[in-house]
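Here's what the structure looks like:
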C-alpha cells in the first residue's frame, strides 16, 4: 500500500513526465513546420516552359546574344535544366554576374530630337535573366494581389484602364445630375520607372508580405548593376545606382508595390466622395486620379502624395498634372 505522500509524489512525477513529452513533441512539430516553411519551393519545368513560350519573338537579345527563339528551339531538356539552375539561384540567393550587365538604347518619343528628355531608355537584358524574372511573379502573384485594393487596376489580371475610365465618367455624370461638387486631379509622375528607389521597392515588398527569399534574390539581381551606352563611337559604362531596370518583366510588379507603399502612408481616409457608404478618394494604374469634393481637399491630398512619393524618388510632373 502506498501512503498519501507516495501517491502524490508518483502522480506528480507522471504528470510532469507527460508534460515534458508533450513539450518535446510540440518543439519537434514546430521545428518540422519551420523547416518545411523555410524550404525553397523548386521552380517547375512547366513554369520555365510557360515563361519562354509566352515571350514575344523578334526582340533584341542581351549582351550574350542568346535570343528567345534559340531557347524555344531547345525544348524540354533546356526547360528542366533551367528549372534546376533557377531553383539553385533562389536557394543560394545569388545570380550570375553577367545578368547584372546590360546595354541601353535610347528610343525617340516625341519633341526636340536634340533634347535628351525626348528619348526613352530601353535596357537590353539577358534573355535568361528575363525568363527568371518571369517565373518569380508566379510565386508571389497571390501575395501581391491580396495586398492590392480595388483602386489599383494597373498590372493586374482581369483589370483594365477601361474600368477606371467608366468609374470616372459615372462620377462626372452623377455630380452634374445631382449638382454635387467634384474635384478630380490627374497626376503624372516624371520618369517614374527611371527614378524609383530600389531600396524602397524592397521595403514595399516585405511590407506587403512577399517572402524574404524572393525579396533577397531580387535585391541581389539589382545590386552592382552596370549598363553600356553607345552615344558615339566608344562605349560608356554606367553604374546603375537608382531606378528599376527598363525592360525587366517584373518591372510593373515592383513599381506597383512601391506605389502602394506610398499611398498607404498618405492617410486619405478623411477625403474622397461617398459612394453607397464607401469613401472613394483615388483610382490608379501607373498614373493616379485623386477624387474629392473640393479643390482645397485636392490640394492637401496632392501635398501628401508628393511628400510620400519624394521619399521613394518619385516626382510629380507638374506640366502634365491637371485639376478638373
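Numbering (the UniProt record's numbering), first residue to last: 1 to 324.
For every residue, glycine included, the Cβ atom is placed at its ideal position computed from N, Cα and C.
Fair warning: this is a prediction, and the values are worked out from it, not measured in the lab.
By DSSP's assignment, residue 124 forms a beta bridge with 103. Sequence-distant partners of residue 80 (beyond 5 residues in either direction) whose C-beta falls short of 7 Å from its own C-beta, in its chain, are 45. Taking 8 Å as the cut-off, the beta carbon of residue 220 is found closer than this to the beta carbon of residue 93. A Cβ-Cβ separation of about 20 Å leaves residue 64 out of contact with residue 121 under the 8 Å criterion. Rounded to whole angstroms, residue 216 and residue 264 show a C-alpha spacing of 23 Å. In its chain, beyond the 5 residues on either side, 143, 144, 147, 257, 260 and 261 have a beta carbon closer than 8 Å to the beta carbon of residue 208. Cβ contact annotation for residue 272 (same chain, cutoff 7 Å, sequence separation greater than five): 279, 280, 281, 291 and 292, in chain order. The three-state secondary structure of residue 152, taken from DSSP, is strand. Under DSSP, the beta-bridge partners assigned to residue 289 are 186 and 283.
In this structure, residue 190 and residue 104 do not form a Cβ contact; the two beta carbons are roughly 19 Å apart against a cut-off of 8 Å.
In this structure residue 125 touches residue 62 by the C-beta definition: roughly 5 Å separates them, less than 8 Å. If you check the CB distance, residue 286 and residue 192 come in under 8 Å.
Annotation: the continuous beta strand (DSSP E) that includes residue 225 extends over 225 to 229. Distance check between residue 240 and each of 205, 196 and 233 places 196 closest, using alpha-carbon atoms only.
In the displayed model, residue 43 falls within coil according to three-state DSSP, outside both helix and strand. Of the residues 88, 50, 128 and 318, the one whose Cα lies closest to the Cα of residue 70 is 128. Distance between residue 305 and residue 266, taken at the CA atoms: about 6 Å. By alpha-carbon distance to residue 302, the top candidate from 138, 184 and 149 is 184.
For residue 321 against residue 186, the beta-carbon gap comes to about 7 Å, under 8 Å, which counts as contact. For residue 275, the enclosing beta strand (DSSP E) has its first and last residue at 273 to 275. If you look at residue 95, you'll find it isn't in any beta strand (DSSP E); DSSP assigns it neither H nor E.
Residue 225 and residue 101 have their C-alpha atoms some 6 Å from each other.
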